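Here's the structure we're looking at; comments come further down.
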Ligand SMILES: Cc1cc2nc3c(=O)[nH]c(=O)nc-3n(C[C@H](O)[C@H](O)[C@H](O)COP(=O)(O)OP(=O)(O)OC[C@H]3O[C@@H](n4cnc5c(N)ncnc54)[C@H](O)[C@@H]3O)c2cc1C
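In my numbering, the protein residues as written are 370 to 754.
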């Protein structure tokens, strides 16, 4: 089978890998508007968190419990390390910690509950919300996202049945006599048995006529922080979540093997926007996060903020998560909304998309929107960008 994958972010790269690993000697073309990997891809950041616990959402927690081992499989395949099991600590009202812990461990995750006293003793510089206990997940951590993307692109570049086509912007996709046809910005076209669209936050325009109105674009600001003092202590921290008055602030620690600074943000710094513009962080949002973390970290020094940047993602409007859509008989598959947590699920999502593209029976991810894709009418007219 000839398969064209549009988009070289984490989903496109891993889907291409899974397609060539499937039995059947499939040929894969991976196309991106920029270099592969592209610096503009949402996936192309220093750090991404992977963790299982999603408070109050047992289905998501169960699905995420498989993310850790799926990433270890990817590391083994690529022969390189980019996953660092720093652990993840989620603060919550004390009476909920044992309930959340029981759910998490029933799903197979290794985790412990920490009492308010443990938190005060172990993490004296962090101001947890009053009365907080926490759950500490051992098999959670951070992925060095940019390293991972480079390793995936290298693996694909060396594979004899893969062609990487960087700097080729796709402007339209259509179905013609059972084939998927991709049209490039220069007017050239390419046919394939299957087309997979994994264009991240750009897919809204490409799929405008079909699912565009069902997608919301979000913009999130993140601070980069190098603690001016006690850096080693911060490097030994887990990812910390559940901070602040709304329990929606989080930080990622520095990782010893990387030069990446700490990353600090909150759901309150994520807002719906009409369109993607620049990636700079407006002063208003930078100040919002500086003010917030001044309250949350003892000795937080604004001079340690070494950068700030904004990223974009698309979410399905009602559920707020990712969305997979099939067109017609399944010639064209679109990962139409990437959602705000698809990096950690990427190995599972990519397997499920690749299985469908090559005609195998799809492995379940536990994510409803991937396991039951939205079925759309065949694309008679082009899906245009
Ligand atoms: C600030 C922020 C923090 C996040 N933190 C986490 C986290 O900690 N954990 C987690 O699991 N997830 C996190 N996410 C979400 C996660 O990063 C995304 O869900 C995921 O990276 C999306 O990957 P993707 O491959 O779908 O899209 P992308 O990585 O955006 O890749 C899309 C690719 O498609 C290409 N493309 C687009 N249009 C075209 C076209 N017309 N022709 C050719 N190529 C095209 C682009 O150039 C790009 O390379 C975060 C997101 C943001 C914004």
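Even glycine gets a Cβ: it sits at the ideal position worked out from N, Cα and C.
Nothing here was measured: the structure is a model prediction, and the numbers come from that model.
For secondary structure counted as the beta strand (DSSP E) over 3 or more consecutive residues, the region 597–630 holds these complete runs in sequence order: 608–612, 618–621.
Our two residues, residue 537 and residue 558, have alpha carbons roughly 11 Å apart in a direct line. In this structure, the C-beta of residue 564 stays at least 7 Å away from each heavy atom of ligand 1. Counting other Cβ atoms within 10 Å of its Cβ, residue 566 reaches 16 or more and is therefore classed as buried. With a threshold of 16 other beta carbon atoms within 10 Å, residue 599 falls short and is exposed. Residue side-chain check: residue 620 keeps its Cβ at 7 Å or more from all non-hydrogen atoms of ligand 1.
Note on residue 500: under 16 other CB atoms within 10 angstroms of its CB, so exposed under the neighbour-count rule. By the Cβ test, the region 713–727 is in contact with the region 428–442, since at least three Cβ pairs between them sit closer than 8 Å. Beta bridge pairing from DSSP links residue 704 with 693. Within its own chain, the residues whose Cβ lies closer than 7 Å to the Cβ of residue 427, once the five positions on either side in sequence are excluded, are 472, listed in chain order. Residue nearest to residue 373 within the set 391, 462, 379, 395 is 395 (criterion: CA-CA distance).
Within the region 515–598, the complete alpha helix (DSSP H) runs of at least 4 residues fall at 572–575.
For residue 680, the CB contacts under 8 Å within the same chain, skipping 5 residues up- and downstream, are 411, 414, 588, 589, 591, 648 in chain order. Where residue 711 is concerned, the enclosing alpha helix (DSSP H) starts and stops at 711–727.
The closest heavy atom of ligand 1 lies 7 Å or more from the beta carbon of residue 386. Relative to residue 579, the option among 693, 469, 522 whose CA is nearest is 693. In the three-state reduction of the DSSP assignment, residue 736 falls in the coil class, being assigned neither a helical nor a strand state. CA-CA distance, residue 469 to residue 607, rounds to 18 Å. When C-alpha distances from residue 676 are compared across 699, 630, 709, the shortest belongs to 630.
Taking the C-beta atoms as reference points, residue 535 is found nearer than 8 Å to residue 401. In the three-state reduction of the DSSP assignment, residue 373 falls in the strand class. For residue 643, no beta strand (DSSP E) segment is defined, and its DSSP state is neither H nor E. Between residue 549 and residue 378, the gap from beta carbon to beta carbon reaches 8 Å or more. Short note on residue 719: C-beta not closer than 7 Å to any heavy atom of ligand 1. Boundaries of the alpha helix (DSSP H) around residue 471: 466–475. Residue 729 has its alpha-carbon roughly 25 Å from the corresponding atom of residue 572. If you check the C-beta of residue 521 against ligand 1, you find no heavy atom less than 7 Å away.
Across the set 672, 513, 713, 453, the C-alpha of 713 shows the shortest separation from the C-alpha of residue 430.
Boundaries of the beta strand (DSSP E) harbouring residue 482: 480–483, taken from the DSSP string. Of 639, 666, 636, the smallest CA-CA separation from residue 594 is found for 666. Ranked by Cα distance from residue 474, the options 505, 645, 462 are led by 505.
With a threshold of 16 other beta carbon atoms within 10 Å, residue 605 falls short and is exposed.
Residue 385 places its beta carbon 8 Å or farther from that of residue 563.
In this chain, the alpha helix (DSSP H) harbouring residue 663 covers 652–665.
By the CB criterion at 8 Å, residue 636 and residue 617 fall inside the cutoff. Beta-bridge partners assigned by DSSP to residue 392: none are found.
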